[in-house]
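Residue 29 in numbering that gives the first Met the number 0 sits at position 30 of the sequence shown, and the numbers go up by one each step.
Every residue, glycine too, gets a C-beta built ideally from N, C-alpha and C.
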Amino acid sequence: MIIGVPKEIKNNEYRVAVTPDAAAELVRCKNTVYVQKGAGIGCGFSDEDYKKAGAEILTNADDVFEKSEMIYKVKEILPDEYKYMNEGKIVFTYLHSNAHPDMNKALLDSKIIGIAYEDIIDENKQFPLLAPMSELAGKGGFLAALYYSQSVHGGPGTLLANVRGVETPKITIIGCGYSGMGAAELAASFGNKVTMLDINYEAMAKARELLPSNVEFL
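Printed below as a string of structure tokens:
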């Protein structure tokens, strides 16, 4: 199959759908991989990294979309990309279709095949492509809280970590999903007293198995 990796054009989106290591694996499996020039720069991957992996670098998005049978992206299809959606083409990305009705109509009208990362379910009824992104979001959320809790950033002047001589901070996290567990794991590793809230007993039971002992559940 011919796989294309365009550069993301959404504002402040620096991720790339395929790393050089992943490109090498795709090439090893007899696929042709086209990567748009500069697509991986935001993640620290140079065009030369992709060339060494066996991918071919194309100058612009027009060429990547035109020459590829399947497109790997990170974010939803934006209006400037609708023109590339030709019948029969496969797009593999986080579509977030419930939030983008205009995109849904454009994709249906173009008769492409859209595969949403977030809707893929494995044999254990888990979401293997949604889980890592949600975990990153949760851990990033805790780091943001750590930053903004400091007085120099307008916070109360509390360091969200266990420090000798002061009361251990108490953190409450609502939801025992992947994001919540990501936040709880990192917060607990800093020595905080973490409490998680959820009405889903199964999610709470799973979180209890995976998280450290200084996390409580209600």
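Cβ separation of Phe91 and Ile114, assumed to be a contact under 8 Å, to the nearest whole Å
5 Å
Is there contact between the stretch 192-200 and the stretch 169-181, where contact requires at least three CB pairs shorter than 8 Å?
yes
Where Asn199 and Ala22 are concerned, what is the direct C-alpha to C-alpha distance, given to the nearest angstrom?
39 Å
Contact set for Ile170: own chain, Cβ-Cβ below 6 Å, skip 5 residues either direction
Ala186, Asn191, Val193
Delimiting residues of the alpha helix (DSSP H) encompassing Tyr146
130-147
Nearest-angstrom Cα separation, counted from Ile111 out to Met132
25 Å
So, using beta-carbon positions, are Lys72 and Ala16 closer together than 8 Å?
yes
Give me the Cα-Cα distance between Ser150 and Val26, rounded to the nearest whole angstrom.
51 Å
When you compare the CB positions of Tyr81 and Ala105, do they come within less than 8 Å of one another, or not?
yes
Could you pull out every residue in the same chain whose Cβ sits closer than 7 Å to the Cβ of Leu145, ignoring the five residues on either side in sequence?
Leu159
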